[in-house]
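**Q** Below is one structure. I have some questions about it.
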Amino acid sequence: MSRTAVAGTTVSGTTPTSRPPRTSRATRTRIARIGVVVGLLLGAVFAAGPVLWMLSSSFKSNTEIFELPPRLITESFSFDAYIAILTDPEAVRFFLNSYIVAGAVTILTLLVAIQAAYAFSRFEFRGKRILNVVIISVQAVPPITLLIPYFGLVVALGLYNTYPGLIFTYMVFTLPYAIIMMTGYFNTLPRELDEAVRVDGAGSFTALWRVLVPISVPGIVSVGIYTFMIAWNEYLFALTLTRTTDMRTVPIGIQLLMGQHSYEWNQIMAMSVLGSIPVLILFLVLQRYFISGLTAGSVKS
Numbered sequence: 001m002s003r004t005a006v007a008g009t010t011v012s013g014t015t016p017t018s019r020p021p022r023t024s025r026a027t028r029t030r031i032a033r034i035g036v037v038v039g040l041l042l043g044a045v046f047a048a049g050p051v052l053w054m055l056s057s058s059f060k061s062n063t064e065i066f067e068l069p070p071r072l073i074t075e076s077f078s079f080d081a082y083i084a085i086l087t088d089p090e091a092v093r094f095f096l097n098s099y100i101v102a103g104a105v106t107i108l109t110l111l112v113a114i115q116a117a118y119a120f121s122r123f124e125f126r127g128k129r130i131l132n133v134v135i136i137s138v139q140a141v142p143p144i145t146l147l148i149p150y151f152g153l154v155v156a157l158g159l160y161n162t163y164p165g166l167i168f169t170y171m172v173f174t175l176p177y178a179i180i181m182m183t184g185y186f187n188t189l190p191r192e193l194d195e196a197v198r199v200d201g202a203g204s205f206t207a208l209w210r211v212l213v214p215i216s217v218p219g220i221v222s223v224g225i226y227t228f229m230i231a232w233n234e235y236l237f238a239l240t241l242t243r244t245t246d247m248r249t250v251p252i253g254i255q256l257l258m259g260q261h262s263y264e265w266n267q268i269m270a271m272s273v274l275g276s277i278p279v280l281i282l283f284l285v286l287q288r289y290f291i292s293g294l295t296a297g298s299v300k301s
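Here it is, written out as C-alpha cells:
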C-alpha cells in the first residue's frame with residue numbers, strides 16, 4: 001500500500017515539461033511574405049542600380065563622375081553629353097544604321113518565321129524532324145565560333161561593309177528562336193480555325209494571313225521585340241563585318257568613344273541611354289498585345 005502511495009505521489013507530483021509554443025500558420029505566412037518582399041526589393045535595387053547610375057552619369061561631367069564619395073544626384077545638371085552626341089553626324093549615323101538593320105532584321109525574320117512555323121505546326125512533310133533538330137542545334141552553337149566562317153562568306157559574296165551583310169548574318173541567329181516560338185504558339189491555336197477557312201474554298205495562305213496571324217499578335221509582338229533587341233544590341237558581328245564609320249551601329253559607336261588616352265564617360269552614358277530608348281518605347285507601345293487568351297471563345301465547343 002505504501003508502494004502504491006509512493007508511486008501515486010511520484011506520478012502525480014511530476015510536473016510536465018513545458019513545450020515551446022508552435023508558430024501559427026498565419027505567422028509563418030507573414031514571415032514568408034516579408035522574405036519575398038525583401039528579396040524582390042534587393043533584386044530591384046541590383047537590377048535598377050546600374051541603370052540609374054548610367055542615367056545620372058549622363059548628366060555629369062567626367063570629373064564629377066569619379067568624385068568621392070559618389071553621388072547619384074548631381075549638382076551641376078547638364079545636357080552637354082546629349083548635345084555632343086546628337087550634334088555629331090557620325091553618332092547620328094550610328095543610330096540610323098541601327099534602325100535600318102534592326103528594323104529590316106525584325107521584319108524579314110517575322111515574315112519567314114511565321115510561314116515556317118505554320119508549316120511545322122499544320123503539315124507533315126519529309127525531313128520535318130531533321131529540320132527541327134537543325135533549328136534547335138543552331139541555337140546551341142556559340143556565335144563567336146561562327147565569326148571567322150561568316151566573315152569569309154560575307155567577303156566572298158561581296159557583302160562586306162554593307163547592310164545586307166549584317167541583316168542576313170543576324171537572321172541566322174534570330175530565325176531559329178522565332179521559328180521555335182511561333183511554332184509553339186501556332187500549336188496552341190485550334191486547327192478548326194484554318195480548317196473552316198479551307199472548307200469555304202480558301203487556301204492555306206489565306207488561312208494563315210487572314211485568320212491565324214490576326215489572333216497571333218501577342219506571339220508575333222513578343223518574337224518581334226526579342227528579334228529587334230538582338231539586332232539592336234549585337235556588337236561582335238557589327239564590329240567584324242563593317243569597316244567604315246558610315247556603316248557602324250550604336251554598340252560600335254559607344255566603343256569608339258573610348259579613346260586611347262581618355263574615355264568620354266558622360267557621352268558613353270548618354271549614348272547608352274539614347275540607345276536604350278527605342279527598345280523601351282517599343283515595349284511600352286506594344287505591351288497591350290501581351291494579353292493572353294485572345295483565342296478564347298473563338299471556337300464553339
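Note that our numbering has the sequence shown beginning at 1, numbered continuously upward.
For glycine and all other residues, C-beta sits at the position ideal for the given N, C-alpha and C.
(1) Taking C-alpha atoms, which residue in Leu55, Leu208, Gln287, Ile34 lies nearest to glutamate 192?
(2) What residue does the alpha helix (DSSP H) around alanine 202 start on, and which one ends it?
(3) Beta-carbon within less than 7 Å of serine 57's beta-carbon, same chain only, minus the 5 sequence neighbours each way: which residues are those?
(4) If we ignore side chains and look at the alpha-carbon of each, how far apart do serine 222 and leucine 166 end up?
(5) Between Gly201, Phe46, Thr106, which lies nearest to tyrosine 228 when the distance is taken from Cα to Cα?
(6) Run through DSSP, which three-state label would tyrosine 235 get?
(7) Which complete alpha helix (DSSP H) runs does the stretch 14-97 hold, if anything under 4 residues is left out?
(8) What would DSSP say about tyrosine 160, mapped onto helix, strand or coil?
(9) Using DSSP's beta-bridge definition, name the partner residues of tyrosine 263.
(10) Rounded to a whole number of angstroms, what is the C-alpha to C-alpha distance between glutamine 287 and methionine 54?
(11) What residues in its chain sit with their C-beta under 6 Å from that of methionine 271, if we drop five residues either side in the sequence?
(12) With distances taken Cα to Cα, identify the nearest neighbour of glycine 273 among Phe59, Ala102, Val133, Val38.
(13) Should arginine 243 and asparagine 187 be called a contact, given that it needs their Cβ atoms to be closer than 8 Å?
(14) Ignore the nearest five residues each way along the sequence and tell me which others in tyrosine 185's own chain have a CB closer than 7 Å to its CB.
(15) With a cut-off of 8 Å, do at least 3 Cβ pairs link the stretch 162-181 to the stretch 90-101?
(16) State yes or no: is the beta carbon of tyrosine 170 nearer than 8 Å to at least one beta carbon in chain C?
(17) Ends of the alpha helix (DSSP H) at serine 131?
(18) In or out: methionine 247 buried (at least 16 other Cβ within 10 Å) or exposed?
(19) In this structure, how does DSSP classify proline 190 when only helix, strand and coil are distinguished?
(20) Give me the Cα-Cα distance between glycine 203 and lysine 128, rounded to the nearest whole angstrom.
(21) Quick check on DSSP: helix, strand or coil for phenylalanine 123?
(22) Distance check for valine 213 and isoleucine 144, CA to CA, integer angstroms please.
(23) So which of Glu75, Ala48, Gly224 has the shortest CA-CA distance to serine 61?
(24) Check whether the Cβ atoms of isoleucine 180 and isoleucine 135 lie closer than 8 Å to each other.
**A** From the atom records:
(1) For the purposes of this step, residue 192 is identified with residue 192 of the sequence shown, where counting begins at 1. Ranking Leu55, Leu208, Gln287, Ile34 by Cα distance to glutamate 192 puts Leu208 first.
(2) Start at 1 with the first residue of the sequence shown, and residue 202 comes out as number 202. Premise fails: alanine 202 is in no alpha helix (DSSP H) and is neither H nor E.
(3) In the sequence shown, residue 57 corresponds to position 57, counting from 1. Hits under 7 Å: Ile65, Trp265, Asn266, Met269.
(4) For this step, residue 222 is matched to residue 222 along the sequence shown. For this step, residue 166 is matched to residue 166 along the sequence shown. About 22 Å.
(5) Position 228 of the sequence shown, counted from the start, is the residue given in the question as residue 228. In the sequence as presented, tyrosine is not what sits at residue 228; that position holds phenylalanine. Looking at the Cα atoms, Thr106 is the closest of the given residues.
(6) Numbered from 1 along the sequence shown, position 235 holds the residue referred to as residue 235. Note: tyrosine 235 maps to coil in three-state DSSP.
(7) 25-57, 62-65, 80-86
(8) The count along the sequence shown starts at 1 and reaches residue 160 at position 160. Correct three-state label for tyrosine 160: coil.
(9) Walking along the sequence shown from the start, residue 263 turns up at place 263. According to DSSP, tyrosine 263 bridges with Met258.
(10) Locating residue 287 in the sequence shown gives position 287, counting from the first residue. Locating residue 54 in the sequence shown gives position 54, counting from the first residue. Whole-angstrom Cα-Cα distance: 25 Å.
(11) Numbered from 1 along the sequence shown, position 271 holds the residue referred to as residue 271. Taken in chain order, the residues that qualify are Ile85, Ile254.
(12) Locating residue 273 in the sequence shown gives position 273, counting from the first residue. The sequence given here has valine at residue 273, not glycine. That would be Phe59, whose Cα lies nearest to the Cα of valine 273.
(13) In the sequence shown, the residue the question calls residue 243 occupies position 243. In the sequence shown, the residue the question calls residue 187 occupies position 187. No, the pair does not count as a contact, with Cβ atoms beyond the cut-off.
(14) Taking the first residue of the sequence shown as 1, we reach residue 185 at position 185. Cβ within range, chain order: Ser216, Gly219.
(15) yes
(16) Protein chains in the displayed structure number just one, and chain C is not present.
(17) Here residue 131 refers to the residue found at position 131 when the sequence shown is read from its first residue. The displayed chain sequence assigns leucine, not serine, to residue 131. Note, leucine 131: alpha helix (DSSP H), 128-140.
(18) Looking up residue 247 in the sequence shown gives position 247. Label assigned to methionine 247: buried.
(19) Your numbering for residue 190 matches position 190 in the sequence shown. In this structure, proline 190 counts as coil in the three-state DSSP scheme.
(20) Working through the sequence shown from its first residue, we reach residue 203 at position 203. Working through the sequence shown from its first residue, we reach residue 128 at position 128. Using only the alpha carbons, I get a separation of about 21 Å.
(21) Translated into the one-based positions of the sequence shown, residue 123 becomes position 123. Of the three classes helix, strand and coil, the one that applies to phenylalanine 123 here is coil, per DSSP.
(22) Walking along the sequence shown from the start, residue 144 turns up at place 144. Walking along the sequence shown from the start, residue 213 turns up at place 213. Cα to Cα, the separation comes out at about 34 Å.
(23) Within the sequence shown, numbered from 1, the residue matching residue 61 stands at position 61. For serine 61, the nearest C-alpha among the options comes from Glu75.
(24) Counting from one through the sequence shown, the residue named residue 180 turns up at place 180. Counting from one through the sequence shown, the residue named residue 135 turns up at place 135. Result yes, Cβ atoms of isoleucine 180 and isoleucine 135 sit closer than 8 Å.
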